[in-house]
């Protein structure tokens, strides 16, 4: 089942670094999974004024580990776009059309790009599925990815 769609300037790096080994502060996917798995989210302000976002557990890394395990047991598809701007715009079209479980935010997309986005969506849907450990040697660039898993994330 389709869980999430996102974009990245370097799509493989985004998946491997931000999602698979990152934390809820650096990854919207991880934050959405944390909430779906029943973890609270703690937000505090740093002295710099930026927000610090963590899983609200005595040991937040335990929650992060559960999220990493879930992500490691799913599979990924991706498509490379001509630019990051195209990838960013295309993701909203893909989210609207495919309705992934965790993408709640919906934004408008440029209707004049419909024919290009239909081609990209077809490429994304027909692209090979990869496990996280298979992603390391793949070519990358600005693009859109889709995360699939055999089950919805469940409360821990």
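Residue numbers (UniProt numbering): 1 to 156.
Quick reminder that beta carbons are idealized off the backbone N, C-alpha and C, glycines included.
3 or more residues per run - each beta strand (DSSP E) lying fully within the UniProt domain "GIY-YIG catalytic" (2-104): With a minimum length of 3 residues, the continuous beta strand (DSSP E) runs that stay inside the UniProt domain "GIY-YIG catalytic" (2-104) are 2-8, 41-45, 51-55 and 75-80.
Bridge partner(s) assigned by DSSP for residue 146: 5 and 77
Inter-residue Cα distance where the pair is residue 92 and residue 27: 17 Å
7 Å CB neighbourhood of residue 85 in its chain, flanking five on each side removed: none
Nearest candidate by alpha-carbon position, reference residue 72, set 36, 30 and 103: 30
Per-residue burial, residue 108 [other beta carbons within 10 Å of its own, 16 or more giving buried]: exposed
Backbone CA spacing between residue 121 and residue 94 [nearest angstrom]: Cα to Cα, residue 121 sits roughly 6 Å from residue 94.
Span of the alpha helix (DSSP H) around residue 118: 114-126
Beta-carbon proximity check, residue 81 vs residue 6, cutoff 8 Å: no
When 24, 48, 17 and 87 are compared against residue 117, the one with the closest alpha-carbon: Of the candidates 24, 48, 17 and 87, the one whose C-alpha sits nearest the C-alpha of residue 117 is 87.
Rounded Cβ spacing between residue 3 and residue 74 (contact assumed at less than 8 Å): 7 Å
Under 8 Å between C-beta atoms of residue 39 and residue 15: no
Beta-carbon proximity list for residue 152, same chain, < 8 Å, skipping 5 on both sides: Sequence-distant Cβ neighbours of residue 152 in its own chain, meaning closer than 8 Å and more than five residues away, are 1, 3, 36 and 101.
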